[in-house]
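As structure tokens, the structure follows; a few thoughts come after it.
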Amino acid sequence: MSEVVIDRVSKSFADVRALRGVSLGVRDGEFMTLLGPSGCGKSTLLRIVAGLEAQTAGSVSIGGENVDHRVPKERDVAMVFQSYALYPYMTVYENMALPLVMRRMTPAQRLPLVGRFVRGSAALRRGIDANVREVAASLAIETLLARKPAQLSGGQRQRAALGRAMVRHPKVFLMDEPLSNLDAKLRTQMRTELADLHRRLGATFIYVTHDQSEAMTMSDRVAVMMDGELLQVATPTSLYNDPSDLRVAEFVGSPKINVVPGVVASERTVRALDGLVAVAAEAPVGTRVRLGIRSESLTPEGADGAATFRGRTRHVENLGSDCYVHVAVDGLDVPIVARADGRRADEFGIGSAIGVACDPDRILLFDDAGKRIPARSAVARLRSHG
Amino acid sequence: MAEALAPGRLLDTAQRRRRRAETWAAWGLAGPATFLLFLLLLGPTVAVVVLSATDWQLGAKTLRFVGLGNYAELFADRVFRQSLGNTLLYVAITVPASVGLGLGAAMLIEARTSLQAFYRTVYFLPVTATLIAMAVVWEFLFHPNVGLVNLLLALVGIAGTHWLNNPATALYALCAIGIWQSLGFTTVLFLAGLKSVPHDLYDAAAVDGADTAWERFRRVTWPMLGPTLMFVLVIMGIRSFQVFDTVAVLTAGGPAKSTEVLLYTMYTESFHYFRTGYGSAITVVFLLFVLTLTLIQVRFLDRRVHYA
Amino acid sequence: MSRPGVAFGVFRHVVLLAGAAVMLAPFVWMVATSFKPPHEIFAGELTLLPRQWHAVENYGQAFTKVPMLRYLANGVFVTAAIFALQILVAVPCAYALAKLEFRGRETIFTLTLFGLLIPAHVPAIPLYVMLWKAGLLNTYAALVIPFVISVFGIFLMRQFFKSIPDELIHAARLDGLSEFAIVWRIMVPAAMPALVSFGIFSVVAHWNDYFWPLLVINSRELAPPPLGVAYFRNEEAGHDFGPLMAGAVIVTAPLVVAFLLAQRRFIEGMTMTGLKS
């Protein structure tokens with residue numbers, strides 16, 4: 001079993017509190033992603049799990065055992081770094097063999113030149129060789145084993161770094177933005193490969209990234225961090241559809257969620273700008289709220305009376321399959337972004353008056369502090385009354 | 387969302403133990419060097435300062451503190467004053483000459499591409515050559531009858547002298563060797579400095595109308611080379627202050643003390659006459675001169691950080 | 695190229711070639727003389743090539759009149775021992791200063807910087823006394839011990855280690871390397887260029903050093919090359935320049951040849967003295 005439990009971990013550097021009592025349980029075999037903007041403390045947390053940095057308070061256990069007193073090599077974790085951290089003067093083979101050499105061979109057996117004459121070293125070398133080649137084969141880098149890192153492409157280095165991590169079958173893989181040095185196309189491809197690798201190995205992965213699309217596409221669960229705090233831990237689906245915090249809603253999803261100020265107008269309605277939406281909020285009438293509305297819940301239409309918001313078309317982003325219509329609305333600094341079918345892209349003239357309809361089923365309500373307010377659509381009841 | 391566990395009660399001690407282990411490892415790595423640093427460099431340096439306040443003679447059983455007595459004696463000593471004067475004169479000749487010639491050579495080398503590598507190699511050659519061996523060669527070159535210098539002078543009708551044996555010329559002959567030996571050093575440093583001047587600046591200067599060689603030098607090269615120049619001056623100053631090898635082999639401070647220099651005086655007082663306290667005082671004077679030059683450099687390097 | 699361009703090109707070569715002639719003259723004259731018999735040397739003629747070749751005799755005498763091979767072997771042994779010990783002492787310290795956090799780090803680094811300010815001649819008297827008390831004067835140990843600590847080496851390697859990314863060290867710790875193993879398996883191979891530069895600096899400085907051997911060595915069996923040349927010269931002064939020049943050629947040749955083979959590295963290594971000296 002290799003679950004990782006992080007219990008109220010805090011970390012302060014000189015005068016900065018990088019982590020403020022973060023608690024997180026990562027299940028055995030789970031792909032957990034730590035997602036957050038740069039400087040949120042996610043990499044620090046990963047390094048604390050690895051044992052590369054010591055926490056100021058709190059504890060970490062791996063596989064049910066407290067590892068606070070353990071140095072990195074005793075924690076049985078492997079790490080893949082953003083820069084890959086391959087030893088530049090060693091071949092790919094030597095890079096991958098090193099963790100095994102350090103673990104399996106005695107200092108005498110490791111000696112250069114002389115070591116090979118120490119008893120048992122040949123058998124150990126053969127075993128290590130077999131392990132390295134097996135892992136290299138599974139990553140399709142057998143042909144690169146004799147090369148130095150400088151002779152590899154970005155993707156190949158990435159695989160070599162993965163190989164070095166995989167070769168000793170650790171309980172836990174820690175990955176610190178491993179894809180951020182790759183170009184966009186390769187990154188998409190490696191996403192699939194990493195997810196596939198995780199399924200094959202069945203090991204626990206903790207993956208750090210600031211890229212929400214990486215988090216959404218690969219993870220079993222995502223932990224969103226900001227300012228040294230954990231905001232929410234959830235599956236990608238519920239993170240997107242059911243965020244507990246406005247900051248999470250804003251960080252996850254592209255284009256960014258629309259945020260419109262409003263007020264609870266009645267038990268069944270919320271007033272947003274000039275429009276009224278049929279949402280029953282679990283908050284007293286008169287409560288100031290913010291409505292989070294994703295662009296796919298907004299539909300651009302004619303500027304007639306039925307639209308929730310009215311404004312003028314500022315810009316149209318045509319992506320082919322979809323198009324995003326940016327609508328400048330009075331009372332809002334940022335335009336509202338609504339999605340339409342790509343085939344409608346030419347309908348919207350820049351500067352012309354436009355209305356935006358809103359699906360009340362998909363509206364998320366947050367209070368002034370950004371905390372989620374439970375709410376549900378009140379359309380059916382309004383209808384039945386009307 | 388987060389499974390809370392009982393907080394690690396042993397955390398404090400466990401972590402303190404780990405951090406202590408790290409400190410031990412670090413000291414294991416840095417300790418030997420630190421110990422040797424004290425034993426072989428810092429300690430002896432302090433010891434020299436202390437010894438300079440004593441009348442100790444090497445091997446003597448007793449020693450008396452004489453305060454600044456050695457220094458008073460030093461500055462009353464005609465030989466020491468001459469030694470200091472000779473050293474300063476040596477520095478005053480060698481430094482500007484090797485810096486000026488080095489700058490000129492570097493600019494000429496850098497001006498065109500042809501034979502650049504050849505010139506750089508030839509000019510740098512004396513820097514690597516063993517100075518003692520080359521000093522012996524120079525002694526032969528300066529030989530009054532069969533030396534190359536006088537043979538060449540004879541070609542143009544000038545009567546040479548016994549350069550190293552003539553009190554009027556010996557120090558200048560040593561300066562010539564010193565300049566010959568360090569010219570390549572300054573040349574290479576200036577070449578590096580010139581390479582770091584962005585070519586755009588010359589283009590900009592040309593567009594702005596500064597297109598003669600002199601204008602380019604005055605408006606671009608010279609100001610951009612300022613930091614390098616300062617650096618090279620100080621480095622050469624420190625190097626020249628340490629002149630010893632040529633004096634020790636070729637002139638032994640003579641003739642008539644005309645080539646007596648600080649380090650050589652220190653050497654004879656300490657290791658020929660075994661006046662260790664007195665020799666220590668000369669060392670301290672030497673150290674103060676070098677430190678002054680170094681401090682100039684440090685201050686200047688600090689300022690260069692602002693330019694960057 | 696325009697006319698003034700051509701004129702300048704010619705001017706440049708004339709001046710630089712004249713300078714080059716001066717720089718090379720001692721070397722050329724040294725080699726030429728080492729081939730000549732005494733009577734040609736003392737004829738005072740301006741000829742490069744000897745009429746009668748005397749190279750075998752001169753070089754033969756350089757090897758037989760004084761133990762020249764012994765001098766060279768001493769030089770090789772002493773410079774190699776100094777460099778090896780400097781690396782052994784300086785590299786772990788440089789790593790600790792660059793990459794580890796521990797109490798006392800700033801103090802050690804400050805002391806190292808202090809050390810950089812002190813010329814090698816300053817601690818000479820106390821070091822001499824220490825070696826004398828320890829009964830080590832006139833031994834190889836006396837030639838090596840004072841230079842075992844190289845503050846410049848510590849400083850240089852620390853600067854280089856600082857440029858190596860922390861992630862590489864983190865990876866090594868996860869791969870199971872101790873701090874000691876990180877120094878020798880990870881940092882040293884990665885720092886090879888800096889080590890080579892420092893090696894050149896160290897070897898050139900100690901191969902050419904005259905001051906310290908002059909103080910502590912008084913038997914010929916232990917003399918390094920510069921001291922050997924000085925002995926040779928004191929015996930031959932004014933008598934027989936042929937063998938003396940041959941001796942100078944022999945002592946100068948190793949470094950000059952090495953320099954010609956690896957100029958860029960040499961210039962890098964030697965100009966680093968700019969930081970020290």
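Chains A, B and C, in that order, are what the protein sequence lines are. Note that our numbering has the first sequence beginning at 1, numbered continuously upward. Note that our numbering has the second sequence beginning at 387, numbered continuously upward. Note that our numbering has the third sequence beginning at 695, numbered continuously upward. The beta-carbon is built from N, C-alpha and C at its ideal position, and this holds for glycine as well. Just so we're clear, the structure is a prediction, and the values are computed from it rather than from any experiment.
Of all the options the options, which has the alpha carbon lying nearest to the alpha carbon of residue i?
{"i": "A:L139", "options": "A:G202, A:A161, A:D28 and A:S61", "result": "A:A161"}
{"i": "A:R157", "options": "A:A203, A:A146 and A:V92", "result": "A:V92"}
{"i": "C:M947", "options": "B:L511, B:R404 and B:N456", "result": "The displayed chain sequence assigns Ala, not Met, to residue 947 of chain C. When each option's Cα is compared against that of C:A947, the closest is B:L511."}
{"i": "C:L862", "options": "A:L98, A:S377, A:H169 and A:R116", "result": "A:L98"}
{"i": "C:S872", "options": "B:R403, B:R402 and B:E408", "result": "B:E408"}
{"i": "B:W549", "options": "B:F617, B:V535 and B:V542", "result": "B:V535"}
{"i": "C:P883", "options": "A:R103, A:P88 and A:G36", "result": "A:P88"}
{"i": "B:V435", "options": "C:V923, C:A940, C:P820 and C:L743", "result": "C:P820"}
{"i": "C:A775", "options": "C:A865, C:A836, C:L949 and C:I876", "result": "C:A836"}
{"i": "C:L710", "options": "B:T632, B:I668, B:A492 and B:E646", "result": "B:A492"}
Apply the 10 Å Cβ neighbour rule to residue i and answer buried if 16 or more other Cβ atoms are within range, or exposed otherwise.
{"i": "B:L681", "result": "exposed"}
{"i": "A:D176", "result": "buried"}
{"i": "A:T204", "result": "buried"}
{"i": "A:S266", "result": "exposed"}
{"i": "C:N912", "result": "exposed"}
{"i": "C:N928", "result": "exposed"}
If you measure from the beta carbon of residue i to each beta carbon in chain A, is any gap under 8 Å?
{"i": "B:R404", "result": "yes"}
{"i": "B:L679", "result": "no"}
{"i": "C:R867", "result": "yes"}
{"i": "C:A792", "result": "no"}
{"i": "C:G870", "result": "yes"}
Distance cutoff 8 Å, beta carbons only. Does residue i sit that close to anything in chain C?
{"i": "B:P584", "result": "no"}
{"i": "A:F117", "result": "no"}
{"i": "A:V77", "result": "yes"}
{"i": "B:V635", "result": "yes"}
{"i": "B:E496", "result": "no"}
{"i": "A:P149", "result": "no"}
{"i": "A:F81", "result": "yes"}
{"i": "B:V523", "result": "yes"}
{"i": "A:Y324", "result": "no"}
{"i": "A:P88", "result": "yes"}
{"i": "A:P178", "result": "no"}
{"i": "A:L201", "result": "no"}
By how many angstroms is the C-alpha of residue j removed from the C-alpha of residue i?
{"i": "C:S891", "j": "C:V770", "result": "18 Å"}
{"i": "A:G320", "j": "A:E347", "result": "14 Å"}
{"i": "C:W658", "j": "B:L539", "result": "Here chain C covers residues 695 to 971 and nothing more, so residue 658 of chain C does not appear."}
{"i": "B:V477", "j": "B:Y653", "result": "19 Å"}
{"i": "A:V289", "j": "A:A249", "result": "15 Å"}
{"i": "B:T499", "j": "B:R506", "result": "12 Å"}
{"i": "C:A767", "j": "C:L916", "result": "9 Å"}
{"i": "C:I880", "j": "C:V785", "result": "12 Å"}
{"i": "B:R450", "j": "B:F461", "result": "20 Å"}
{"i": "A:E317", "j": "A:L291", "result": "23 Å"}
{"i": "A:D211", "j": "A:F81", "result": "16 Å"}
{"i": "A:R20", "j": "A:E134", "result": "42 Å"}
{"i": "A:A150", "j": "C:R867", "result": "22 Å"}
{"i": "C:A814", "j": "B:V574", "result": "24 Å"}
Looking at the strands, I want to know which residues DSSP matches up with residue i.
{"i": "A:L276", "result": "A:R271"}
{"i": "A:P72", "result": "A:P72 is not bridged to any residue."}
{"i": "C:G847", "result": "Answer by DSSP bridge pairing: none, since C:G847 is not bridged."}
{"i": "A:T204", "result": "A:V172"}
{"i": "A:K371", "result": "A:D245"}
Any Cβ of chain B within less than 8 Å of the Cβ of residue i?
{"i": "A:A85", "result": "no"}
{"i": "A:H69", "result": "yes"}
{"i": "C:T965", "result": "yes"}
{"i": "A:A54", "result": "yes"}
{"i": "C:A714", "result": "yes"}
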